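Each number in our numbering comes from the position in the sequence shown (counting from 1) with 1159 added on. Down below is the structure, laid out as structure tokens.
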Amino acid sequence: KPFADQSHNTLLILKILDGHRPIITIDTPECFKKLMAQCWSNNPLNRPNINQVYQTLCEWKNSENVQFEEAESIRKTIIRYSADKKTNMDFIHTEAIYTSRLLTNMIRESALYKQTCIYS
């Protein structure tokens, strides 16, 4: 879960606007890491459009991709390890929210905060 160890608030929005991104887990295939990095580009012109993302996902689905098989093996190992030991993966910040909600007020607060910092 992205940013599970952090409060999902205005400060997190500001960090994301400044380029902070979630940690990519070790069981993520390299090709998927590359696509995520493209989607997270600070420059919107460098991001793939939805048609390009769809095409990439279709290509992955229709091919035998060793990266996904290796990632699944790693994921299963992590699950086995986690079942045996209590890990940091179990910690989720009490203010981390993983349900749909409007962010309008938080985005507005972030913009005002950033503007205040610039002009202070």
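Even glycine gets a Cβ: it sits at the ideal position worked out from N, Cα and C. This structure is a prediction, so every number in the text was calculated from the model and none was measured.
- [ ] State the Cα-Cα distance for the pair F1162 and W1199, rounded to the nearest angstrom.
- [x] In this model, F1162 and W1199 are separated by some 15 Å (Cα to Cα).
Task: Runs of alpha helix (DSSP H) wholly within the segment 1179-1257 (minimum 4 residues, chain order) - done: Fully enclosed alpha helix (DSSP H) runs of 4 or longer: 1189-1198, 1209-1220, 1225-1243.
- [ ] Confirm, please, whether the CB-CB distance from L1176 to S1269 is below 9 Å.
- [x] A contact, by the Cβ cut-off of 9 Å.
Task: Proximity below 9 Å, CB of I1185 to CB of I1237 - done: For the pair I1185 and I1237, the CB atoms are nearer than the 9 Å cut-off.
Open item on the list: Taking 8 Å as the limit between beta carbons, can you name the residues of its chain near L1262, skipping five residues before and five after?
Closed with: Hits under 8 Å: I1172.
Open item on the list: With a threshold of 8 Å (Cβ to nearest heavy atom), would E1268 be considered close to the ligand FMN?
Closed with: Annotation note on the ligand FMN: not contained in the displayed structure, which lists no ligands.
Open item on the list: Tell me the rounded alpha-carbon separation between V1225 and K1193.
Closed with: Straight-line Cα distance between these residues: approximately 16 Å.
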